[in-house]
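Novice:
Numbering (my numbering), first residue to last: 1475 to 1663.
Rendered as structure tokens:
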């Protein structure tokens, strides 16, 4: 960890600098292993380092957008069965989001993890705006799945947790959609 307590302006500048350097360096790297290492970095304690640098960045900034991409994948990797079930429920309702995200019609939990990794990989190897749009569609499907689970009712605590997920995924979907438009306009920094 980097240690907190720094000047907010300096931390914001660090977030922007690291996000831009990471994205541009990896996108120029001819070696696919570099992309693998950057994606795998967050799988261990690296997610905490990324959170410290990027989590407070506005959603309409490059570090904020990258944080949301990593966070989506992290959430799915941490609870693949629950994420797979949520995604499967969402796919039943949001077939457009499913198609944009690039999913099959009834993905297994493992396939949902692979899809989230493929979307993150696309940020470093393909059109960044398309990767953001695919991630937004993925989050939208997850939000719909959470909404379906909320509508089933059940234990109050479980419904409250699922409602928070629903709201969070909806927010991330909207933020990534906006970030994609900003990237296309050359305004995502």
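Glycine included, each C-beta is placed from N, C-alpha and C at the ideal position.
Count the other C-beta atoms from every protein chain shown that fall within 10 angstroms of the C-beta of residue 1547, then say buried if there are 16 or more, exposed otherwise.
Specialist: Translated into positions along the chain shown, residue 1547 becomes position 73. Per the 10 Å Cβ criterion, buried.
Novice: Residue 1609 and residue 1543 - do their beta-carbons sit closer together than 8 Å?
Specialist: For the purposes of this step, residue 1543 is identified with residue 69 of the chain shown, where counting begins at 1. For the purposes of this step, residue 1609 is identified with residue 135 of the chain shown, where counting begins at 1. Yes; because the gap between Cβ atoms is below 8 Å, this pair is in contact.
Novice: List, from N- to C-terminal side, the alpha helix (DSSP H) runs of 4 residues or more that fit wholly inside the region 1559-1591.
Specialist: Correct list: 1569-1575.
Novice: Going by beta-carbon coordinates alone, are residue 1501 and residue 1598 separated by less than 8 Å?
Specialist: For the purposes of this step, residue 1501 is taken as residue 27 along the chain shown, with counting starting at 1. For the purposes of this step, residue 1598 is taken as residue 124 along the chain shown, with counting starting at 1. In contact: residue 1501 and residue 1598 (Cβ atoms closer than 8 Å).
Novice: Are the CB atoms of residue 1596 and residue 1581 within a distance shorter than 8 Å?
Specialist: Locating residue 1581 in the chain shown gives position 107, where the first residue counts as 1. Locating residue 1596 in the chain shown gives position 122, where the first residue counts as 1. The answer is no: Cβ separation not under 8 Å.
Novice: Could you tell me the distance, in whole angstroms, from the CA atom of residue 1530 to the CA atom of residue 1555?
Specialist: Along the chain shown, one-based indexing puts residue 1530 at 56. Along the chain shown, one-based indexing puts residue 1555 at 81. Looking at the two C-alpha atoms, the distance is approximately 29 Å.
Novice: Mapping the DSSP letters down to three states, classify residue 1537 as helix, strand or coil.
Specialist: Here residue 1537 corresponds to residue number 63 of the chain shown, with the count starting at 1. The answer is helix: DSSP assigns residue 1537 an H, G or I state.
Novice: Pick from 1648, 1484, 1514: whose alpha carbon is nearest that of residue 1528?
Specialist: Reading the chain shown from its first residue, position 54 is the one you call residue 1528. Among 1648, 1484, 1514, the Cα nearest to that of residue 1528 is on 1484.
Novice: What does a CB cutoff of less than 7 Å around residue 1624 pick up in its chain, not counting 5 residues either side in sequence?
Specialist: Numbered from 1 along the chain shown, position 150 holds the residue referred to as residue 1624. Here the set comprises 1633, 1636, 1637, 1640.
Novice: Quick check on DSSP: helix, strand or coil for residue 1520?
Specialist: Taking the first residue of the chain shown as position 1, residue 1520 is located at position 46. Helix.
Novice: Straight-line CA distance for residue 1564 to residue 1539?
Specialist: As a working note, residue 1564 is residue 90 in the chain shown. As a working note, residue 1539 is residue 65 in the chain shown. Residue 1564 and residue 1539: Cα-Cα distance of roughly 23 Å.
Novice: Can you tell me whether residue 1618 is buried or exposed? The criterion is at least 16 other CB atoms within 10 Å of its CB, across all chains shown.
Specialist: Here residue 1618 refers to the residue found at position 144 of the chain shown. Classification for residue 1618: buried.
Novice: Which of helix, strand or coil does DSSP assign to residue 1546?
Specialist: As a first step, residue 1546 must be located in the chain shown, where it is residue number 72. Note: residue 1546 maps to helix in three-state DSSP.
Novice: Whole angstroms is fine: what's the gap from residue 1503's alpha carbon to residue 1655's?
Specialist: Locating residue 1503 in the chain shown gives position 29, counting from the first residue. Locating residue 1655 in the chain shown gives position 181, counting from the first residue. Cα to Cα, the separation comes out at about 25 Å.
Novice: With 16 other CB atoms within 10 Å as the buried threshold, where does residue 1570 fall?
Specialist: Numbered from its first residue, the chain shown carries residue 1570 at position 96. Label assigned to residue 1570: exposed.
Novice: Tell me which same chain residues have a C-beta within less than 7 Å of the C-beta of residue 1650, skipping the five on either side of it?
Specialist: As a working note, residue 1650 is residue 176 in the chain shown. So the qualifying residues of the chain are 1539, 1542, 1606, 1609, 1610, 1613.
Novice: What residue does the alpha helix (DSSP H) around residue 1642 start on, and which one ends it?
Specialist: By 1-based counting over the chain shown, the position of residue 1642 is 168. Per DSSP, residue 1642 belongs to the alpha helix (DSSP H) from 1630-1658.
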